[in-house]
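Just so you know, the sequences run in chain order A and B. According to the numbering used here, the first sequence holds residues 852 to 1334 in order. According to the numbering used here, the second sequence holds residues 19 to 324 in order.
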Amino acid sequence: MTESSPHEPRPLAAPGELELSCRLPLLVLFVSAAVWLVIGSTFFLIASIKFHSPEFLGNVRWLTYGRVWPAAVNSLLYGFGVQAGLGVALWLVVRLGDTPLLQRGLVTLGAAFWNLGVTVGALGILAGDSTGYENLEAPGYAAWIVFPGYLLIALFSVLTLHHRRVRPLYVSQWFVLTALFWFPWIYSTAELLLLQHPVRGVMQAVVAWWYSGNLVVVWFGLAGLAAIFYFVPRLTQRALYSRHLALFTFWLLILAGSWPEITKSAPVPAWMPALGAMSAMLMLVPTLAVALNVLRTLGRNYSNLRAHPALLFFGVGAAAFVVAGLVRGLMALLDGDPLVHLTWFSRAMMQLQVYGFFAMTMFGAVYCILPQLTGLEFPWAKLVRVHFWLALAGLVLLVVPLGIGGVVEGLKLRNPEVAFADIMKGTLPFLRASTVGDLLLALGHLVFLTNLVGMVNRFYRVRALSAYAAATADLFKAAEARP
Amino acid sequence: MNYGALIFLAAFFALASSWFGFVLTPQAQVGQLRQTNTVPAGELYPEAPPGLARQGLDVYRANGCAYCHSQQVDQKGTVCRVVLADPGTNQNAVLAALLKVREDWTEAQAKEAIAKSRLHVLEGVAKEAADNASKALKAAGAKTELWVVPVGPDMARGWGKRRTVAEDYLFDSPVMLGSQRIGPDLANVGLRRPDPKWQLRHLYAPRIEVKDSTMAPYRFLFEMRKIEHERSPDALEDLPAELAPGPGYEIVPKTEAKALAAYLVNLHMDAPLFDAPLTLPAPPPATNAAAALLTNAAPQSMEKPK
Chain A
852 MTESSPHEPR PLAAPGELEL SCRLPLLVLF VSAAVWLVIG STFFLIASIK
902 FHSPEFLGNV RWLTYGRVWP AAVNSLLYGF GVQAGLGVAL WLVVRLGDTP
952 LLQRGLVTLG AAFWNLGVTV GALGILAGDS TGYENLEAPG YAAWIVFPGY
1002 LLIALFSVLT LHHRRVRPLY VSQWFVLTAL FWFPWIYSTA ELLLLQHPVR
1052 GVMQAVVAWW YSGNLVVVWF GLAGLAAIFY FVPRLTQRAL YSRHLALFTF
1102 WLLILAGSWP EITKSAPVPA WMPALGAMSA MLMLVPTLAV ALNVLRTLGR
1152 NYSNLRAHPA LLFFGVGAAA FVVAGLVRGL MALLDGDPLV HLTWFSRAMM
1202 QLQVYGFFAM TMFGAVYCIL PQLTGLEFPW AKLVRVHFWL ALAGLVLLVV
1252 PLGIGGVVEG LKLRNPEVAF ADIMKGTLPF LRASTVGDLL LALGHLVFLT
1302 NLVGMVNRFY RVRALSAYAA ATADLFKAAE ARP
Chain B
19 MNYGALIFLA AFFALASSWF GFVLTPQAQV GQLRQTNTVP AGELYPEAPP
69 GLARQGLDVY RANGCAYCHS QQVDQKGTVC RVVLADPGTN QNAVLAALLK
119 VREDWTEAQA KEAIAKSRLH VLEGVAKEAA DNASKALKAA GAKTELWVVP
169 VGPDMARGWG KRRTVAEDYL FDSPVMLGSQ RIGPDLANVG LRRPDPKWQL
219 RHLYAPRIEV KDSTMAPYRF LFEMRKIEHE RSPDALEDLP AELAPGPGYE
269 IVPKTEAKAL AAYLVNLHMD APLFDAPLTL PAPPPATNAA AALLTNAAPQ
319 SMEKPK
């Protein structure tokens, strides 16, 4: 294969020692994350359709709404979210530290454990073994598989960070190191106090809120911001605007973000919702700091956005982070909780945080990392943009109708004259719009998965061809030598 | 911040403070709650649920009912209600006092009102006004009761009699407060729908009981079987034609469905407690002794402002 036809994959810069060291675990993590995304959005779609026709799959025990919905959320949070976050964390540790990954075999084993555990967890939820705690529904037996998997990946990431050849730490490394350490603590606390030795009464709900808030706000916040602070300067080829602002963001995110938001109507002492609301107000500061830092780093050179489709993902991700933080903060300042608690609004906020901010950031990161890892272009480069527009449209159609629908629902719930059935009917148009959003997102995920699988397929074809060429080189030489 | 150890310490400090504040401190506070006494009856609350209802909690958890139904109700505050328990002997004085309290009533209206038993003199007033009215009526020799009535949209919808408090969930594990109301709140569904048969029919086909309901059917909790000798007493009755089993067949709830229905009818969080006071209305005659005790309650002792 000496001359390359236009149909053959064009090699980029050849992967170096760093890329080779972490290629296998990262390919496993990213491709499985994309597969989970597709599984998750299938579940989301099924759950969504049930609002329009409640009898849809109504006789199927495994697919009743109360099982499909948590299975969807768990696929999104653990199958995709934490997995993609770990992949990006690994990459940042290796690149920024300029060190090859230690023990890539064990890290890959960790990724396999993680996927096995999440699979067992999702099947457990569908079989009716859900724990009943929101965002931690995977049954206790799945935790025994998931947790060692995480520890394997995190341990060797931290050791690789420790052996880094570039000693000064970049902003993203602070975020990554903290995230790696954060999850084991919150997860083991939640598993111990909820499943192994359950605490009593409402204390269970408090621990569950604490865990879920820490996972969604802090862990996803840390992993997502680490990617934004690394890739945005890199793609725009400008230095990060301010390291101090980033430090400030880091401190407030881990200090204030780790207090969970609790609705005021919850049957707990009043200081808990009050502290949670204070945290949301404090989070306004890091939110604005992120906005300033990203905007100043991007500068006014918008042509970058056209040149790097990945930058579009980071832009939307950062914007969603800022919007989510602002809405939360303003809701706390204006005391909007009594209006929107227990409505669709909270789900809109959750999707904005997890999907709008975190997932978009991860897409951008994967689109940047994979070509470097394999030394190849994506097989369908145009599909990256298609994915972006599908994801953006899906996100807007998911979050905006649910958010507005939630406020409308809250206003009606306040007025006891409006019958409850009428309130529910009133939310249906908003739910219809959000189902379209779910559908667009699902299409986007298919496009993402196709591109990833195409890339991996191409990569192994190139490797197989070159291995074949190397193995048969002597034969050809001998044949040429013969007269 | 160029040292990994420093970052680690920062993260450790932040997470430790959050853990201390939101896990350890609540555990020392709400985690240590024990059964309490109702006010003023002094009964132990909450009672352990019956065994079948406990199994029902598991069915509730397994099928994720909490994703559509919350189990927490809120109140805006409490108001008072003045009830004329006994007009006493001095009718004229009571009439005069009553007319002062209710300036909008004519004499004839007031007379008619006194003739009624347990007249609600004032509804939804502040504590002070209720106290004054009560005092004036007492001075005229009448017996009055002062009721504490929690109010708010949730109460007006009939979802509860008072706000829910931490004690209500002592026997739940897992505690499923729910985060969304796609369906009505279930904290007190046992008070609204005390009939397990209704619950079973509703689970089997929600729309035969509640028109326009968006609830999913739970037909997999039931089985269709051949009627052997005679119809099972549990079999669902009066099903509409399209859902009815063929002739010779019946639809019976599995144990899961029965347990879930038992759990639902057992859901009530209405005991008057120190942190959530309310006065329960007089129960209809021929009810159990515990409820009878509550009617004898001296209403004055219930005025713990909250």
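Think of the CB as a built atom: it goes at the ideal place given N, C-alpha and C, for glycine as much as any other residue.
Within-8 Å CB hit, residue i to chain A
i	result
residue 38 of chain B	no
residue 267 of chain B	no
residue 186 of chain B	yes
residue 242 of chain B	no
residue 237 of chain B	yes
residue 222 of chain B	no
residue 20 of chain B	yes
residue 25 of chain B	yes
Contacts around residue i, its chain only, beta-carbon distance under 6 Å, and the 5 residues preceding and following it disregarded
i	result
residue 1300 of chain A	885 and 889
residue 209 of chain B	286
residue 1242 of chain A	1295
residue 155 of chain B	115 and 162
residue 1030 of chain A	1070, 1073 and 1074
residue 1104 of chain A	1072 and 1137
Range covered by the alpha helix (DSSP H) that runs through residue i
i	result
residue 244 of chain B	Unbroken run through residue 244 of chain B is the beta strand (DSSP E), 240 to 244; no alpha helix (DSSP H).
residue 873 of chain A	868 to 903
residue 104 of chain B	Per DSSP, residue 104 of chain B belongs to no alpha helix (DSSP H); it is in the beta strand (DSSP E), 95 to 104.
residue 25 of chain B	22 to 37
residue 1095 of chain A	1094 to 1107
residue 1331 of chain A	1271 to 1332
residue 1141 of chain A	1135 to 1149
residue 1115 of chain A	Element bounds for residue 1115 of chain A: n/a, residue is neither H nor E.
residue 1083 of chain A	1071 to 1087
residue 966 of chain A	955 to 978
Cβ of residue i within 8 Å of any chain B Cβ
i	result
residue 891 of chain A	no
residue 1194 of chain A	yes
residue 1011 of chain A	no
residue 910 of chain A	yes
residue 1198 of chain A	yes
residue 1144 of chain A	no
residue 1264 of chain A	yes
residue 1057 of chain A	yes
Residue span of the beta strand (DSSP E) that contains residue i, given as start and end
i	result
residue 140 of chain B	137 to 143
residue 161 of chain B	161 to 169
residue 270 of chain B	267 to 271
Residues near residue i in its chain [Cβ-Cβ closer than 8 Å; skip 5 each side]
i	result
residue 1191 of chain A	1182, 1197, 1257, 1258 and 1261
residue 1269 of chain A	1263
Buried or exposed by the 16-neighbour rule on C-beta atoms within 10 Å, applied to residue i
i	result
residue 1325 of chain A	exposed
residue 21 of chain B	exposed
residue 180 of chain B	buried
residue 242 of chain B	exposed
residue 1077 of chain A	buried
residue 135 of chain B	exposed
residue 1337 of chain A	Chain A is shown from 852 up to 1334; residue 1337 of chain A falls before or after that span and cannot be answered.
residue 1056 of chain A	buried
residue 290 of chain B	buried
residue 66 of chain B	exposed
residue 1053 of chain A	buried
residue 265 of chain B	exposed
residue 127 of chain B	exposed
residue 1273 of chain A	exposed
residue 212 of chain B	exposed
Option nearest residue i by Cα separation, candidates the options
i	options	result
residue 964 of chain A	A/992, A/1044, A/1166 and A/1160	A/992
residue 878 of chain A	A/893, A/935 and A/1150	A/935
residue 1063 of chain A	A/1161, A/906, A/1033 and A/1231	A/1033
residue 196 of chain B	A/1170, A/1223 and A/1118	A/1118
residue 986 of chain A	A/1290, A/1194, A/1067 and A/1047	A/1067
residue 1006 of chain A	A/914, A/1162, A/957 and A/1313	A/957
Residues of its chain near residue i, where Cβ-Cβ distance is below 7 Å and the 5 sequence neighbours each way are ignored
i	result
residue 254 of chain B	218, 219, 222 and 269
residue 1097 of chain A	1022, 1080, 1091 and 1144
residue 1044 of chain A	1050 and 1058
residue 176 of chain B	210
residue 272 of chain B	239, 240 and 241
Proximity test, residue i beta-carbon vs the ligand GTP heavy atom, cut-off 7 Å
i	result
residue 1253 of chain A	Here there are no bound small molecules, and the ligand GTP is not part of this structure.
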